[in-house]
Amino acid sequence: MTVFANGKQYSCACDAQLVAFLQSIQMDIERVVVEHNETALTREEAKRVTLADGDKLELLRIVAGG
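First residue of the sequence shown: 10, per this note's numbering; consecutive thereafter.
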């Protein structure tokens, strides 16, 4: 299955959970904001998403700083 994240193409296992996909690209669901197919998700919603072929993600890392 093909998924696009921040404009980059990734191959991932069929019926992959979003959380597993994020882990595979070294992103922590607790420190990322997710937009899935143009819909912003809460952290709880993101934890329940199953990816499908052609899904588009925008991922923003949350970073502490001042």
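By construction, the Cβ of each residue, glycine as well, lies at the ideal position given by its N, Cα and C atoms.
It should be emphasised that the depicted structure is a prediction, and the values quoted were computed from it without experimental measurement.
In the DSSP assignment, the residues bridged to Val12 are Tyr19. Collapsing the DSSP output to three states places Glu54 in a helix. Taking the Cα of Ala73 as reference, the smallest distance to any Cα among Phe13, Arg40 and Thr59 is reached at Arg40. In this chain, the alpha helix (DSSP H) harbouring Val28 covers Leu27 to Ser33. In the three-state reduction of the DSSP assignment, Glu39 falls in the helix class, which pools H, G and I.
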